[in-house]
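The structure under discussion appears below in the form of structure tokens.
2 protein chains.
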Amino acid sequence: MQEHGMTIDLYELTMADSYWRRGMNGAAVFELFVRPPVPHRRFLVAAGVEAALEYLAQLRFKEPALAYLRSLGLFSEGFLDYLAGFRFSGEVWAVHEGEIVFPGEPLLYVRAPRIEAQIVETYLLNVVNFHTLIASKAARMRLAAGRGASLADFSPRRDHGPAAALGVAYASYLGGFDGTSNVAAGMSSGLPVIGTMAHSYVMSFANELEAFRAFAADHPRPVLLIDTYDTLRGAERALQVARELRAQGRSLAGVRIDSGDLPTLTRKVRRIFDEAGFPEVQIFISGDLDEYRIQAFQAAGGVADGYGVGTRLGVSYDLPALGGVYKLVEDESGPRVKKSPGKQTLPGRKQVWRTEGEGELADVVALAGEELPGRPLLTRRLTAGRREPARPLAAVREEVLQSLWRLPEDLRIIAHEERPQYPVSLSPGLRGLVAELEGAGD
Amino acid sequence: MQEHGMTIDLYELTMADSYWRRGMNGAAVFELFVRPPVPHRRFLVAAGVEAALEYLAQLRFKEPALAYLRSLGLFSEGFLDYLAGFRFSGEVWAVHEGEIVFPGEPLLYVRAPRIEAQIVETYLLNVVNFHTLIASKAARMRLAAGRGASLADFSPRRDHGPAAALGVAYASYLGGFDGTSNVAAGMSSGLPVIGTMAHSYVMSFANELEAFRAFAADHPRPVLLIDTYDTLRGAERALQVARELRAQGRSLAGVRIDSGDLPTLTRKVRRIFDEAGFPEVQIFISGDLDEYRIQAFQAAGGVADGYGVGTRLGVSYDLPALGGVYKLVEDESGPRVKKSPGKQTLPGRKQVWRTEGEGELADVVALAGEELPGRPLLTRRLTAGRREPARPLAAVREEVLQSLWRLPEDLRIIAHEERPQYPVSLSPGLRGLVAELEGAGD
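Chains as they are written, first to last, in the numbering used here: chain D, 1 to 442; chain R, 443 to 884.
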């Protein structure tokens, strides 16, 4: 984090300097939300909230940073002194990491002296946009794969840098994946790590059977890649190894197929193992998968116990960025709005009230003071710069999985064509304030 | 880097353990290339080569990593001992950082004991795919914007994490941008930092003129955002500030327009400043720009001195991942090929020979031993684990800019529809080897 604390757009600092010179540092409230509509997504899984809180609690400007800023010749010494003593002193209300949310709803708001609230914009948007993007994509893949299937993040070679690969492993696990191929993520976050073998391994031996035997001898829970030469012949050779392992009191964990007509091949391979009395051998598939292709695979009668997903998860291929924004909604003069066409904001500090049941969900966005039926989504997570602890990741993931299957049917649809109907309305209090400010003019 | 050294797919390590147990550690050559075709790209700007070399030179497995790997219960103690003493001992041939390359051509190859070459696959692919992706996108924007226009990376709030934002700043500068809004990139890599002001600043004052005067008073080279209320009235107010600054012996650097009918607005705003005798005031535009929109803006008669580009640069929106692969091309038994349909590789260690002139370029992919006319693109950059120093970034960027304008006309076309014709052929030696191995069977 330390090295990335300066992930701040330059203009945040030049504006802050100007505010500082003019004593314009009264309390302000900035709200982070995603503007509707969001293409190809019926809901979002909020993530990056914990990373945002961590940043706010830790942000300092040390001497190398101050010396660098001074070298730009843009800042007053008074402002640099202010930065030297900077501690985020405000409060943050936020939804839980992993909460299902909808475009237009606040994911968090920051209430702090204006300068503090302003200069954290870039970092907060960056981590919430990125993690929410990936967690939301992962949740769609979980819905497509079904509850029981195993889902593995195989994306590190295509993610936007090694640190992004860690973020993808974290956010996809949060969104319902079972683990990642990324050893760095396993080591740093305790995520389950998953892996099989590559075609190059098979090709490094004189023949396929020899490769399979070697790998099974060397690996406690072998999964064999059977499509290097001919998938069905590969399955027969894997069956032979399964028999040899059983004779030793061991077992073959599974086979992976990475190419070809996957629905047909998986059915045939399933039959080969079932008829030979090896129903426990699992079938994994991979190869440019995403939620659409997983759904099409199942619709075509494919049978798989698990899916390895790479590129299309790791960069959220059909929607590679999320348009989260961070807008002033209140200052010393009261609630504020932005009125540019297509860029409207809703004024004031807010709360979201959710009523939900099996297959039912409705949200009302309200002013912070209002009391409405249901569950309030935002809670105070940071007070006077001090952060409430995060909940354990595995428990959060379990809640996400339960939430996904409680969602109304039409929010769980994967298809491209359908337009989402976000179940979000505005409270009487918020509608009243919007009407009042609309009358007010610039 | 240290914390990301473990960005390794688990299967690389389980396969390596198996190779280690079996003494299968003879010299191997793995080649990194991008499979054709690449949609929406007529050429690539190779980048991430320096990050790859840095990784190879630095990679170590320290005790926390070894303890973590031991805890997985997958690895032999002998292999963990091997990792404890790991140093990359091989050699790497690579194209220059910033070289224009084409799909199908090697960007680099690694020649090392098989285990060393295998376990670095994930990291090498990650950094080369990511940096090449962004540098190539940036170069297209440079071609669209023209030589003289200023181009700024405004993407940090949408990039895939704070570290990805650093990568985008670096790779877009390499690809021909002038700088970034990201202060962290300025500080860590010395990149020029660029910034203006936000709508929220304008809205924090009683009126627009007061906001402009305040910013101009506080900033040595002010660029005023003039579209918060009404762009043309904003331009008149900015002109008033320009007059006031001139009276003080200072000058207004420019104005930025972020919304509306940009071709029309920029023409009108240009006229306002020109007719008043302020031709030096520059016009910058922003707002979901990319190379297609910059081109359309110019085609519609828009006039701008510079462009601020965010989301569509930072995630390479129309192509958010690059399909670079890393394939075995030679081992102790000689040149190797992979024959799966659509996934063919070309055997053997290679060199690329380029003949080029003004508007002309032709590449021949050859075997490493062949001598052909032109300039060889791959040079030895790492020997026995020791790395040749990188060239200065600003000089590399200058060469990239010169290369872009030497490219044949049809490679500089931006349009979506046209299919690129990569100017790449195979040498007699390479064609002979391919034919020979095709006869050889599995």
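All C-beta atoms in this analysis are idealised placements derived from N, C-alpha and C, irrespective of residue type, glycine included. Computed from a prediction, not measured in an experiment: that's the story for all the values here.
field: Where Gln786 of chain R sits in the DSSP three-state scheme
entry: coil
- request: List the residues of chain D whose Cβ lies closer than 7 Å to the Cβ of Gly637 of chain R, in chain order.
  value: Asp9, Leu10, Tyr11, Thr14
- prompt: Of the choices D:Gly429, D:Ser425, D:Leu407, whose alpha-carbon is the least far from that of Phe43 of chain D?
  reply: D:Leu407
Span separating the alpha-carbon of Asp442 of chain D from that of Val337 of chain D: Confidence in Asp442 of chain D is poor, its pLDDT being 44 and thus under 50, which makes the residue's placement unreliable; the coordinate value appears in the next sentence. Cα to Cα, the separation comes out at about 10 Å.
field: Proximity winner among D:Leu72, D:Pro162, D:Gly26, D:Ala46, relative to Ser136 of chain D (alpha-carbon distances)
entry: D:Ala46
query: What residues match up with Tyr749 of chain R in a beta bridge as DSSP calls it?
result: R:Leu593, R:Ile727
- prompt: What does Asp747 of chain R touch in chain D if you count any residue whose Cβ is under 7 Å from its own?
  reply: Within 7 Å Cβ-Cβ: nothing; Asp747 of chain R doesn't reach chain D, min ~18 Å.
message: Quick check: is the beta carbon of Pro113 of chain D nearer than 7 Å to any beta carbon in chain R?
response: no
Limits of the beta strand (DSSP E) - the one that Glu547 of chain R falls within: Where Glu547 of chain R is concerned, there is no enclosing beta strand (DSSP E), given that its DSSP letter is neither H nor E.
message: Just to confirm, is the Cβ distance from Tyr156 of chain D to Thr753 of chain R under 7 Å?
response: Note that residue 156 of chain D is Pro in the sequence shown here, rather than Tyr. Contact: no.
message: Taking the straight line between their C-alpha atoms, what separation do you get for Arg582 of chain R and Arg35 of chain D?
response: 28 Å
query: If you draw a straight line from the alpha carbon of Gly176 of chain D to that of Ala395 of chain D, how long is it in whole angstroms?
result: 11 Å
Nonlocal neighbours in the same chain, by C-beta distance under 6 Å from Leu437 of chain D, ignoring five residues either side: Val337, Pro347
field: Every unbroken alpha helix (DSSP H) within the stretch 450 to 512 of chain R, with a cutoff of 4 residues, ordered by chain
entry: 452 to 463, 491 to 500
task: Can you give me the Cβ contacts of Val471 of chain R inside the same chain, cut-off strictly under 6 Å, excluding the 5 residues immediately before and after it?
output: Tyr551, Arg553, Val771, Glu772, Arg791
query: Would you call Thr456 of chain R buried or exposed, if buried means 16 or more other Cβ atoms sit within 10 Å of its Cβ?
result: buried
task: Jot down the residue ranges of each uninterrupted beta strand (DSSP E) in the stretch 753 to 841 of chain R, minimum 3 residues, whole runs only, in chain order.
output: 766 to 773, 792 to 799, 802 to 809, 821 to 825
- request: Please list, in chain order, all residues of the same chain as Glu492 of chain R whose beta carbon is under 7 Å from its beta carbon, the five residues on each side excluded.
  value: Glu539, Ala832
message: Suppose the cutoff is 7 Å on Cβ atoms and the five residues either side in sequence are ignored; what does the same chain contact list for Phe596 of chain R look like?
response: Ser623, Ser728, Gly750, Val751, Gly752
message: According to DSSP, Arg698 of chain R sits in a beta bridge with which residue or residues?
response: R:Leu667, R:Phe726
- request: Measure the alpha-carbon distance for Met443 of chain R versus Arg502 of chain R and round it to whole angstroms.
  value: Caution is warranted here: a pLDDT of 43 is assigned to Met443 of chain R, below 50, making its placement in the model unreliable, and the coordinate value is therefore given only provisionally. Each residue's alpha carbon lies about 11 Å from the other.
query: Would you say Gln724 of chain R and Gly702 of chain R are within 7 Å of each other, going by their C-beta atoms?
result: no
message: Looking at the secondary structure, which residues open and close the beta strand (DSSP E) in which Ser693 of chain R lies?
response: That residue, Ser693 of chain R, is in no beta strand (DSSP E); it is neither H nor E in DSSP.
field: is_contact[Phe572 of chain R, chain D] using C-beta, thresh 7 Å
entry: yes
field: Closer than 9 Å at the beta carbon, the chain D residues around Asp459 of chain R
entry: Asp218, His219
message: Per DSSP, what are the beta-bridge partners of Ala587 of chain R in this structure?
response: DSSP, once it has assigned bridges, lists no residue as partnering Ala587 of chain R.
query: Is Arg484 of chain R close to chain D, meaning its C-beta is less than 7 Å from at least one C-beta of that chain?
result: no
message: Is the separation between the beta-carbon of Gly490 of chain R and that of Val569 of chain R shorter than 7 Å?
response: yes
- request: Find the nearest neighbour of Gly827 of chain R within the set R:Ala499, R:Leu575, R:His641, R:Arg692, judged by alpha-carbon distance.
  value: R:Ala499
message: Measuring CB atoms only, is the stretch 186 to 193 of chain D touching the stretch 142 to 151 of chain D, in the sense that at least three cross pairs come out at less than 8 Å?
response: no
Segment limits, alpha helix (DSSP H) that includes Met536 of chain R: Sequence inspection shows Ala at residue 536 of chain R; the Met mentioned does not correspond to that position. Segment 533 to 536 is the beta strand (DSSP E) holding Ala536 of chain R; no alpha helix (DSSP H) there.
- request: Report yes if the CB atom of Phe739 of chain R is closer than 7 Å to the CB atom of Leu694 of chain R, and no otherwise.
  value: no
field: Reduced DSSP secondary structure (H/G/I, E/B, other) of Leu633 of chain R
entry: coil
query: Any beta-carbon of chain R closer than 7 Å to the one on Gly429 of chain D?
result: no
- prompt: Out of curiosity, what's the CA-to-CA distance linking Leu549 of chain R and Ala605 of chain R?
  reply: 23 Å
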